[in-house]
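A.B. asks:
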Ligand SMILES: [Fe+2]
Ligand SMILES: [Fe+2]
């Protein structure tokens with residue numbers, strides 16, 4: 089009985105805690121963690137519906153991925169059709185919960201089949217599976233949550249229970265609000281970025297998506313190494329992604345004729361471009377939300393350098409009419425988020441081809457980043473960046489130009 093009460097208590101907390109999370113990936117991560125806890129499931133996946141397809145959007149598996157060094161499974165482009173042939177597709181298509189005790193014993197009774205290719209590739213054995221469509225208030229399916237391998241107290245895999253079915257359908261009813269809200273936030277940010285992109289063609293959608301994801305993963309790895317609590321990491325990681333996406337939003341204030349100029353900039357033009365850091369910070373003036381505060385810090389500090397030779401430096405009043413560049417911030421004087429985004433932004437710029445340069449090879453780029461540890465970049469963060477290499481790769485594959 090205690091267990092039941094706890095489950096319902098945790099359902100009640102769900103809305104309150106979720107309303108503080110802005111980023112879509114962070115919302116999905118949180119939802120899946122909660123749903124798995126309630127049903128004691130070893131793993132699970134959330135799919136987001138887009139037109140007639142389900143996009144594989146978030147996955148967790150205690151048996152397969154226990155370390156955060158390898159988050160590449162989070163960045164997948166897999167989709168499945170919303171139709172009667174797959175389990176998740178069927179659940180979305182018919183708007184039905186499916187509770188399957190053993191996926192390998194489905195037989196030919198149903199139109200849907202279990203796809204064992206993932207098991208084969210990973211060496212995992214999927215047995216029990218609970219699949220529930222996530223519908224919004226208009227009865228439109230926005231996604232599907234799929235839990236696998238329920239465990240009893242001894243860790244033995246068992247079928248999902250009738251109670252689990254009730255819990256998960258209540259849970260899915262609440263989830264849609266938060267998924268739609270986080271989707272809206274991300275779309276809003278991408279729209280802001282579109283405006284900046286009109287000015288500076290280098291700041292493209294894929295570039296900011298990549299920089300956001302690199303920054304989020306680098307932060308998570310740094311935070312784990314520094315014993316930051318799990319709940320704080322999850323919350324900040326989401327904000328880090330969104331704020332890092334906005335690193336160059338201050339370019340809205342720089343004139344077209346400068347940003348779109350073919351060829352090299354002269355000194356005066358370069359000085360004007362540097363002010364995008366301060367204009368960006370000014371956009372978030374007077375805001376009390378944590379997301380805006382972080383966005384301000386990133387916009388302001390992403391061009392500071394570890395050795396103090398960056399910009400805009402220790403500007404006294406960034407809101408005054410006539411701001412001037414000041415002496416550069418050094419080492420720990422630069423906020424962590426600025427040091428993180430500096431690496432993410434430069435790595436991506438070097439790896440991308442732009443009209444004035446070819447893209448660098450991966451090897452040359454990593455060598456350059458390593459070489460700049462201690463001068464341009466925080467040397468510890470450079471090492472952490474190298475350690476999450478598999479994840480960085482998966483992010484590049486997901487968000488291509
Ligand atoms: Fe910038
Ligand atoms: Fe950038």
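Numbering (my numbering), first residue to last: 89 to 489. Ideal placement from N, C-alpha and C gives every residue a C-beta, glycine not left out.
Could you check what DSSP says for residue 219 in three-state terms: helix, strand or coil?
C.D. replies: The answer is strand: DSSP assigns residue 219 an E or B state.
A.B. asks: The beta strand (DSSP E) that contains residue 360, what's its start and end?
C.D. replies: From DSSP, residue 360 is part of no beta strand (DSSP E) but of the alpha helix (DSSP H) over 355-362.
A.B. asks: Ligand 2 and residue 409: does the residue's C-beta get closer than 7 Å to at least one heavy atom of that ligand?
C.D. replies: No, the beta carbon of residue 409 sits no closer than 7 Å to any heavy atom of ligand 2.
A.B. asks: What first and last residue would you give for the alpha helix (DSSP H) that runs through residue 263?
C.D. replies: Taken as a continuous stretch (DSSP letters only), the alpha helix (DSSP H) holding residue 263 covers 250-287.
A.B. asks: Quick one: measure Cβ to Cβ for residue 209 and residue 170, integer angstroms, because I've assumed they're closer than 8 Å.
C.D. replies: Not really, about 24 Å apart at Cβ, beyond 8 Å.
A.B. asks: Among all residues, which have a Cβ less than 5 Å from at least one non-hydrogen atom of ligand 2, and in what chain order do they fall?
C.D. replies: This selection yields 336 and 433.
A.B. asks: What are the boundary residues of the alpha helix (DSSP H) that includes residue 507?
C.D. replies: In the structure as shown, the chain starts at 89 and stops at 489, and residue 507 therefore has no counterpart that could be examined.
A.B. asks: Would you call the CB atoms of residue 415 and residue 401 closer than 8 Å?
C.D. replies: The answer is yes: Cβ separation under 8 Å.
A.B. asks: Who are the near neighbours of residue 310 in its chain, counting only those whose CB is closer than 6 Å to its CB and skipping five residues on each side?
C.D. replies: Excluding residues within five positions, the ones whose Cβ falls inside 6 Å are 472.
A.B. asks: Taking contact to mean at least 3 C-beta pairs separated by less than 8 Å, is the region 283-293 in contact with the region 108-122?
C.D. replies: With a cut-off of 8 Å, the region 108-122 and the region 283-293 do not count as touching, because too few Cβ pairs lie within range.
A.B. asks: Below 8 Å on the Cβ atoms is my guess for residue 180 versus residue 229; work out the distance and round it to an integer in Å.
C.D. replies: About 5 Å separates the two Cβ atoms, so the contact holds.
A.B. asks: Between 245, 386 and 159, which lies nearest to residue 476 when the distance is taken from Cα to Cα?
C.D. replies: Selected option, being the one with the closest Cα: 159.
A.B. asks: Cβ of residue 364 versus every heavy atom of ligand 1: is any distance shorter than 7 Å?
C.D. replies: Checking every heavy atom of ligand 1 against the Cβ of residue 364, one is found closer than 7 Å.
A.B. asks: Report the residue from 113, 306, 238 and 102 whose alpha carbon sits nearest the alpha carbon of residue 426.
C.D. replies: The shortest Cα separation from residue 426 among 113, 306, 238 and 102 belongs to 306.
A.B. asks: With burial defined as no fewer than 16 other Cβ atoms inside 10 Å of the residue's Cβ, what is the status of residue 299: buried or exposed?
C.D. replies: Result: buried.
A.B. asks: Keeping to the same chain, check which residues put their C-beta closer than 8 Å to that of residue 291; ignore five residues upstream and five downstream.
C.D. replies: So the list reads 281, 284, 285, 336 and 339, once near-sequence residues are dropped.
A.B. asks: Can you list, in chain order, the residues of its chain with a C-beta nearer than 8 Å to that of residue 246? Leave out the 5 residues immediately preceding and following it.
C.D. replies: So the qualifying residues of the chain are 216, 238, 239 and 240.
A.B. asks: Would you list, in sequence order, the uninterrupted beta strand (DSSP E) runs of no fewer than 3 residues that lie entirely inside the region 417-458?
C.D. replies: For the region 417-458, not a single whole beta strand (DSSP E) run of length 3 or above is found.
A.B. asks: Do residue 369 and residue 406 come within 8 Å of each other at the CB atom, strictly closer than that value?
C.D. replies: Against a cut-off of 8 Å, the Cβ pair of residue 369 and residue 406 comes out as a contact.
A.B. asks: Does the region 439-450 come within contact of the region 312-332, defined as at least 3 CB pairs closer than 8 Å?
C.D. replies: With the cut-off at 8 Å, the region 439-450 and the region 312-332 do not touch.
A.B. asks: If we ignore side chains and look at the alpha-carbon of each, how far apart do residue 442 and residue 481 end up?
C.D. replies: Cα to Cα, residue 442 sits roughly 20 Å from residue 481.
A.B. asks: Using the C-alpha atoms, what's the distance from residue 417 back to residue 398?
C.D. replies: Residue 398 and residue 417: Cα-Cα distance of roughly 7 Å.
A.B. asks: Consult DSSP for residue 137 and reduce its assignment to one of helix, strand or coil.
C.D. replies: Three-state result, residue 137: strand.
A.B. asks: Please state whether DSSP places residue 389 in a helix, a strand or coil.
C.D. replies: In this structure, residue 389 counts as helix in the three-state DSSP scheme.
A.B. asks: Which ranges would you report for the alpha helix (DSSP H) in the region 191-245 if only whole runs of at least 4 residues count?
C.D. replies: Those alpha helix (DSSP H) runs which fall completely within the region 191-245 and span 4+ residues are 205-210.
A.B. asks: List the endpoints of the continuous beta strand (DSSP E) containing residue 167.
C.D. replies: Unbroken beta strand (DSSP E) run through residue 167: 167-169.
A.B. asks: If distances are taken between C-alpha atoms only, which option among 139, 104, 110 and 204 comes closest to residue 330?
C.D. replies: Closest by alpha carbon: 110.
A.B. asks: What do you reckon, is the C-beta of residue 391 under 7 Å from a heavy atom of ligand 1?
C.D. replies: Residue 391 Cβ: within cutoff of ligand 1.
A.B. asks: Just verifying my parser: in three-state terms, what is the DSSP assignment at residue 401?
C.D. replies: Residue 401: coil per DSSP, three-state reduction.
A.B. asks: State the DSSP-derived secondary structure class of residue 67, mapped to helix, strand or coil.
C.D. replies: Only positions 89 to 489 of the chain appear in this structure, which leaves residue 67 out of reach.
A.B. asks: Under a Cβ-count criterion, where at least 16 other Cβ atoms within 10 Å of its own Cβ denotes burial, should residue 40 be classed as buried or exposed?
C.D. replies: Since the displayed the chain opens at 89 and closes at 489, residue 40 lies outside it and no answer follows.
A.B. asks: How about residue 219 and residue 263: are their beta carbons less than 8 Å apart?
C.D. replies: Not in contact: residue 219 and residue 263 (Cβ atoms no closer than 8 Å).
A.B. asks: DSSP has residue 147 in a bridge; who is on the other side?
C.D. replies: DSSP output for residue 147 lists 133 as bridge partner(s).
A.B. asks: Excluding sequence positions up to five away, which residues of its chain have a Cβ less than 7 Å from the Cβ of residue 433?
C.D. replies: The residues are 299, 335 and 390.
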